[in-house]
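Take a look at the structure below.
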Amino acid sequence: MSKAGGQITNLISPNWQRDRVVPPTGFTAILTVFTSAVMAFLIVFSLALSIAASRLAGQWGEALALSTTLKISVSSELMDKQVAKALKILRTTPGIESATVLSVSEKRRLLEPWFGPEIPVELLPLPALINIQEDRSGYDAESLRLRLVANVPSAVLDNHKRWRRPLVISGQRLSVLGVFSMLLMTGTSGAMITLAARASMSANAQVISVLRLIGATDTYIASAFMRRFTLRALVGSTIGTASAASIIYLFFNEGQAQPSILTDFGFQSTEWLWLILIPPFFGTFSLLVTWRAAQNVLRGLT
Amino acid sequence: MIEFKGASYSYTGGELLQNMSLKIASGAFYFITGPSGSGKTTFLKMCYGSLIPNTGELRLFGQDVQTLSRDDIAMVRRKIGLVHQDCQFLEHLTVRENIALPLSVSGQERFDDNMNLKELLAWVGLKGRAGAMPAELSGGERQRAALARAIIMSPDIILADEPTGNIDWEMSQRLLQLLIELNKMGKTILLASHDLSLIRLAKSQIQARVLRITNKRIQLAGADL
């Protein structure tokens, strides 16, 4: 095995006596556990936000990309005739998979969030709405528009692009913001753990001095501190992750009819598996930053 | 094993040791003596690679100390047993664990069944104190524990810096007897002390050499000691 390989093996392999050379108490122990717990807690929420935003952006994009709405606003006497004409045109247009008129109950569901469940939709002079589903090849919107203008002058074709694009972009930006927040929190955790490791090593300069006198290498000393901090980071991040996961499961896990960033916040099915990665990630990250801090401190101590 | 060739050492305040040339003979017993502040501790620190001469050459076990990395020096120290006046211990570990620490450092994890450790504890008179914490030991016991830790790896050379400085005469004699026994086993001993009666006591039993540091120079003392 190479020298570097041997050093890495020494660093990560358990050695109960080496691990005991660092005094087990001190404020850095609490600081590391607390920081890791809080940061892991916040990272879980950022992850939930990021995943929910990404999921919603995808859903909105997919659902709206292939759907168009045709709105017909005429008097009730002419409505049925105009709707029938429109449907005939739509069903003979290449690229359109289906065209269905929204029923009264569907209209009621659309208006329910604003006016409540008791609204008498059938008595209101609402326009007729036809939901058009494109097939993968799509249809020629301009040609369809011209045919509709000629036969159903009151029809308005809305392919939702006007409001769909900013919605999808917002969702994507929110997702990126969540990832950026996670990076910031990881960086802050790294800085805090580095500070704690440096403080711990400075406070234990006497221990380091004794170890050096009896022939301890820098790898031996650094690994004793690293393993201690890695274990604390693992414990802290596990507590933080479990707490955040419990809160999300209990308070944000109810299925909602209307998908939105608030009601869809949280994890679904396999998305929960992401949480398993957080404590090992924290442990590995802590191992690396403590190693670097230890090397710097040991270089400064004679 | 330790060889100085025209070596000098300066602190920022000025030169402390000047143009030292000497070779530590294997199996010998040396006293390093001189007034306080003369450089006894500095000399010993150079002997275990904690300080490096500013000029001249110092070779530890055949290796030029100037060319050694920190880890190389750590390896050299495993061949040297160190006993300090303030005998530093890890206060959160027991006496047994402190004594066995060099075994852990050198990669020998299990020491509970190590016969050397049990025999060693009995030899230094700490058999019943193995489970005690360092803070519970008397000054003499701490020094003997430090000696046990220094020799558990069976080093070729033992460096002791004023080990009797904080203990009474009876305990000093006991510690000296242990060092003499080690010397008779073939170990090289370098003992820094300004206690002339201790030096005389040792010289009455063995062929001890005395290196005196005065006026920044180290020289072999005559028969006056």
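These protein sequences, in sequence, are chains A and B.
First residue of the first sequence? That's 0 in numbering that gives the first Met the number 0, and the numbers climb one at a time after it.
First residue of the second sequence? That's 0 in numbering that gives the first Met the number 0, and the numbers climb one at a time after it.
Every residue, glycine too, gets a C-beta built ideally from N, C-alpha and C.
Keep in mind it's a predicted model, so treat the numbers as computed, not measured.
Cross-strand partners of residue i (DSSP beta bridge)
| i | result |
| --- | --- |
| B:Glu56 | B:Lys4 |
| B:Lys22 | B:Glu2 |
| A:Ser74 | Note: A:Ser74 sits in no beta bridge, so no partner. |
| B:Phe30 | B:Leu190 and B:Val209 |
| B:Ile217 | B:Ile212 |
| A:Gln305 | Residue 305 of chain A is absent from the structure shown; chain A starts at 0 and stops at 301. |
| B:Glu14 | B:Ser9 |
| B:Gln62 | B:Leu59 |
| A:Ala127 | A:Ile71 |
| B:Val82 | B:Ala159 |
Between the CA atoms of residue j and residue i - distance to the nearest angstrom
| i | j | result |
| --- | --- | --- |
| A:Ser236 | A:Arg144 | 58 Å |
| A:Arg135 | A:Thr67 | 13 Å |
| B:Met132 | A:Phe280 | 38 Å |
| B:Arg69 | B:Gly48 | 9 Å |
| A:Asp157 | A:Lys106 | 17 Å |
| A:Lys160 | A:Asn130 | 15 Å |
| A:Ile207 | A:Phe251 | 49 Å |
| B:Leu195 | B:Arg143 | 21 Å |
| B:Pro154 | B:Gly80 | 6 Å |
| B:Leu219 | B:Thr163 | 22 Å |
| A:Val43 | A:Leu274 | 7 Å |
| A:Ile247 | A:Leu166 | 24 Å |
| B:Thr213 | B:His83 | 22 Å |
| A:Met184 | A:Leu41 | 8 Å |
| A:Asp79 | A:Ser180 | 54 Å |
| A:Pro124 | A:Ser104 | 15 Å |
| B:Leu119 | B:Leu158 | 18 Å |
| A:Arg18 | A:Gln267 | Per the sequence shown, residue 18 of chain A should be read as Asp rather than Arg. Looking at the two C-alpha atoms, the distance is approximately 40 Å. |
| A:Tyr138 | A:Arg146 | 13 Å |
| A:Val20 | B:Gln172 | 32 Å |
| B:Ser20 | B:Ile188 | 18 Å |
| B:Ile198 | B:Ile166 | 16 Å |
| B:Cys46 | B:Leu57 | 8 Å |
| A:Gly282 | A:Thr24 | 19 Å |
| A:Val100 | A:Gln132 | 12 Å |
| A:Asn203 | A:Leu212 | 14 Å |
| B:Ser137 | B:Leu89 | 16 Å |
| B:Ile217 | B:Val209 | 10 Å |
| A:Trp162 | A:Ser169 | 11 Å |
| B:His91 | B:Ala201 | 35 Å |
Extent of the continuous alpha helix (DSSP H) to which residue i belongs
| i | result |
| --- | --- |
| B:Ser103 | Val94 to Val104 |
| A:Trp113 | Val103 to Phe114 |
| B:Arg77 | Unbroken run through B:Arg77: none, as it is neither H nor E. |
| A:Arg291 | Trp273 to Gly299 |
| B:Met184 | That residue, B:Met184, is in no alpha helix (DSSP H); it is neither H nor E in DSSP. |
| B:Thr41 | Lys39 to Cys46 |
| B:Ile51 | Segment: none, B:Ile51 is in no alpha helix (DSSP H) and carries neither H nor E. |
| A:Ser268 | Taken as a continuous stretch (DSSP letters only), A:Ser268 belongs to no alpha helix (DSSP H), as it is neither H nor E. |
| B:Ser196 | Leu195 to Lys202 |
Contacts around residue i, its chain only, beta-carbon distance under 6 Å, and the 5 residues preceding and following it disregarded
| i | result |
| --- | --- |
| B:Ala191 | Ile31, Lys39, Leu43, Asp160 and Glu161 |
| A:Ala36 | Gly235, Ile238 and Gly239 |
| A:Ser45 | Gly177, Ser180 and Met181 |
| A:Met191 | Thr34 |
| A:Ile118 | Leu110 |
Run of the beta strand (DSSP E) containing residue i, from where it starts to where it stops
| i | result |
| --- | --- |
| B:Ile157 | Ile156 to Asp160 |
Nonlocal neighbours in the same chain, by C-beta distance under 8 Å from residue i, ignoring five residues either side
| i | result |
| --- | --- |
| A:Trp271 | Ala244 |
| B:Thr66 | none |
| B:Ser86 | First, the residue type needs correcting, since residue 86 of chain B is Cys and not Ser in the sequence shown. Result list for B:Cys86: Arg141, Gln142, Ala144, Ala145 and Pro162, in chain order. |
| B:Leu177 | Trp122, Val123, Arg143 and Leu146 |
| B:Asp71 | Gln62 |
Same chain, Cβ closer than 7 Å to residue i, neighbours up to 5 away in sequence not counted
| i | result |
| --- | --- |
| B:Tyr10 | none |
| B:Ser37 | Ile212 and Thr213 |
| A:Asp193 | Before going further, note that residue 193 of chain A is Thr rather than Asp in the sequence given. So the list reads Val288 and Ala292, once near-sequence residues are dropped. |
| A:Ala28 | Arg231 |
| B:Asn53 | Ser7, Tyr8 and Ser9 |
| B:Gly185 | Gly26 |
| B:Asn182 | Phe28, Ile188 and Ile205 |
| A:Pro93 | Tyr138 |
Check your understanding: Which whole runs of the alpha helix (DSSP H) in the stretch 135 to 212 of chain A are 4 residues long or more, in chain order?
Key -> 140 to 150, 160 to 202 and 204 to 212
Review point. Hey, which unbroken runs of the alpha helix (DSSP H) at 4 residues or more fall wholly within the stretch 113 to 174 of chain B?
Key: 114 to 122 and 138 to 150
Exercise for review: Write down every uninterrupted run of the beta strand (DSSP E) in the stretch 215 to 241 of chain A whose length is 3 residues or greater and which is fully enclosed by it, in chain order.
Suggested key: none
Exercise for review: Could you please tell me which residues of the stretch 207 to 239 of chain A, in chain order, have their CB closer than 8 Å to any CB of chain E?
Suggested key: As a matter of chain content, chain E is missing from the structure shown, whose protein chains are A and B.
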